[in-house]
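Trainee: UniProt numbering puts the first residue of the sequence shown at 1, with every later residue one more than the last.
One structure follows; several queries about it will come next.
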Amino acid sequence: MKWNQALKDYVSYLKIERGLSDNSITNYELDIKKLINYLEVHGIKTTPLTIDETTVQQFVYEVAKVVQPKSQARIISGLKSFFNYLIFEDYRNDNPLELIESPKTGRKLPDTLAKEEVNSLVDAIDLSKPEGTRNYAIIEALYGCGLRVSELINLKLSDLFFEEGFIKVTGKGDKQRFVPIATYTQKYIDIYKNEVRNHLAIKPGHEDFLFLNRRGAQLTRAMIFTIIKQLAVKSGITKNISPHTLRHSFATHLLEGGADLRAIQLMLGHESITTTEIYMHVDRSHLTKVIAQYHPRNNRNENV
């Protein structure tokens, strides 16, 4: 079996059997292509079925020279997944990365915006321009619903259930969830729909996408990043922020306000509560207040 065929079969497996998102599949594919490129550059003649632990270790060592530990760990994880797939399909009986450990990366959390900084961000938007009205609705949707950027750009008109107070969100692996949406956020999405979007010449195939560019086509991930970076500069925010910063701020502010961690997990679409806990970058004093306010032992008047 040649590398290109093995990679093609692996991508099909990730898409059809594991149901991963396009972004996740692309990342896995890039990991394998890095290994293939390394083998070609160094003239190493081997196949997915014959490559050994020594060769893979040499590749990982080369990777470690040029990428950060977090990226190195992701590549190792991607390669392990690929060779586990080959074992699953009975092409191999061993994983050459079995004894290779990923570097410790720690838990590096993204910056969180204070509530005042979120206000500064939206205050920097020029609402006299059509794209300003759209951008205001975008920021409110990201921060008000805790959306990933991929979820935002794929949000459709048919996903809006404003009368019921929810939107339908398609997350990782095409898994869908219903997320509550505040009337304030609904208001600005409606303004954008009625005053800006309705006047666009919408391209065929893009009629149902909520957020569109000036040419009537679906917005890209890169465009959302650009919008937020420009607003950060304009509002004087020096933190390195991205669309994910607003998602992280959404979760953090909910927890600080006393929201239930399980409810936040469901709204964010996390498979595991452990993932949600990583997002909760809050002051320990807040957790102390939660115990003091809600634990039954703190509400009993006992004579000891």
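Even for Gly, the Cβ is constructed at its ideal location relative to N, Cα and C.
These numbers come from a predicted model, not from an experiment.
(1) Report the residue from Pro130, Leu113 and Glu164 whose alpha carbon sits nearest the alpha carbon of Leu142.
(2) Using the beta-carbon count (16 or more within 10 Å), is Lys115 buried or exposed?
(3) Exposed or buried, what is residue 308 when buried is set at 16 or more other beta-carbons lying within 10 Å of its beta-carbon?
(4) Can at least three beta-carbon pairs, one atom from the region 188-198 and one from the region 126-144, be found at a separation below 8 Å?
(5) Under 8 Å: do the region 175-182 and the region 24-33 share three or more Cβ pairs, one atom per stretch?
(6) Rounded to the nearest angstrom, what separates Asp283 and Leu255 at their Cα positions?
(7) How many Å lie between Tyr10 and Ile75 at the Cα?
(8) By a C-beta neighbour count over all protein chains shown, 10 Å radius and 16 as the cutoff for buried, is Tyr61 buried or exposed?
(9) Relative to the C-alpha of Asn95, which residue among Glu117, Asp126, Asn119 and Ile51 is closest?
(10) Grouping DSSP H, G and I as helix and E and B as strand, with all else coil, what is Thr238?
(11) Could you say if the region 144-155 and the region 212-232 meet the contact criterion of at least three C-beta pairs nearer than 8 Å?
(12) If I follow the unbroken beta strand (DSSP E) through Phe166, where does it start and stop?
(13) What's the call for Leu49, buried or exposed, on a 16-neighbour Cβ count within 10 Å?
(14) Check this for me: beta carbons of Ile202 and Leu121, under 8 Å apart or not?
(15) Tell me whether the beta-carbon of Leu246 lies closer than 8 Å to the beta-carbon of Ile125.
(16) Based on Cα-Cα distance, which residue from Leu14, Thr46 and Ser21 lies nearest to Met1?
(17) Which runs of the alpha helix (DSSP H), 4 residues or longer, sit entirely within the region 83-161?
(18) Here's the rule: buried if 16 or more other CB atoms are within 10 angstroms of the residue's CB, otherwise exposed. What is Ala232?
(19) To the nearest angstrom, how far is it from the Cα of Lys229 to the Cα of Asn23?
(20) Is Gly19 closer than 8 Å to Gly205 when the C-beta atoms are compared?
(21) Which complete alpha helix (DSSP H) runs does the region 187-246 hold, if anything under 4 residues is left out?
(22) Going by C-alpha to C-alpha distance, which of Ser77, Glu164, Pro296 and Ala251 sits closest to Leu99?
Mentor: Looking at the atomic coordinates:
(1) Here residue 142 refers to the residue found at position 142 of the sequence shown. Closest by alpha carbon: Leu113.
(2) Against the sequence shown, residue 115 aligns to sequence position 115. With fewer than 16 other Cβ atoms within 10 Å, it is exposed.
(3) The question about residue 308 has no answer, for the chain in this structure spans 1 to 304.
(4) They touch, by the three-pair rule.
(5) Judged by Cβ distances under 8 Å, the region 175-182 makes no contact with the region 24-33, as fewer than three pairs qualify.
(6) For this step, residue 283 is matched to residue 283 along the sequence shown. For this step, residue 255 is matched to residue 255 along the sequence shown. Here Asp283 scores only 48 on pLDDT, less than 50, and its place in the model should not be relied on; the value that follows carries that caveat. Asp283 and Leu255 have their C-alpha atoms spaced approximately 11 Å apart.
(7) On the sequence shown, position 10 is the one that residue 10 refers to. On the sequence shown, position 75 is the one that residue 75 refers to. Each residue's alpha carbon lies about 15 Å from the other.
(8) Here residue 61 refers to the residue found at position 61 when the sequence shown is read from its first residue. Tyr61 comes out exposed.
(9) The residue you call residue 95 lines up with position 95 of the sequence shown. The candidate whose alpha carbon is nearest that of Asn95 is Ile51.
(10) For the purposes of this step, residue 238 is taken as residue 238 along the sequence shown, with counting starting at 1. It is coil, neither helix nor strand.
(11) Between the region 144-155 and the region 212-232, the count of Cβ pairs shorter than 8 Å is three or higher; the stretches touch.
(12) Here residue 166 corresponds to residue number 166 of the sequence shown, with the count starting at 1. That run of the beta strand (DSSP E) goes Phe166 to Thr170.
(13) Counted from its first residue, the sequence shown places residue 49 at position 49. Exposed.
(14) Along the sequence shown, read from residue 1 onward, the residue named residue 202 stands at position 202. Along the sequence shown, read from residue 1 onward, the residue named residue 121 stands at position 121. Annotated as distal: Ile202 and Leu121, with beta-carbon spacing of 8 Å or more.
(15) For the purposes of this step, residue 246 is identified with residue 246 of the sequence shown, where counting begins at 1. For the purposes of this step, residue 125 is identified with residue 125 of the sequence shown, where counting begins at 1. Result no, Cβ atoms of Leu246 and Ile125 do not sit closer than 8 Å.
(16) Taking the sequence shown and counting its residues from 1, the one referred to as residue 1 is at position 1. When each option's Cα is compared against that of Met1, the closest is Thr46.
(17) Here the runs fully enclosed are 115-123, 130-145 and 149-153.
(18) For the purposes of this step, residue 232 is taken as the residue at position 232 of the sequence shown. A residue is called buried once 16 or more other Cβ atoms fall within 10 Å of its Cβ, and Ala232 is buried on that count.
(19) If you number the sequence shown from 1, residue 229 lands on position 229. If you number the sequence shown from 1, residue 23 lands on position 23. Lys229 and Asn23: Cα-Cα distance of roughly 22 Å.
(20) In the sequence shown, the residue the question calls residue 205 occupies position 205. In the sequence shown, the residue the question calls residue 19 occupies position 19. Cβ atoms of Gly205 and Gly19: not closer than 8 Å.
(21) For the region 187-246, whole alpha helix (DSSP H) runs of length 4 or above, ordered along the chain, are 221-235.
(22) For the purposes of this step, residue 99 is identified with residue 99 of the sequence shown, where counting begins at 1. If we check each option's Cα against that of Leu99, Ser77 comes out closest.
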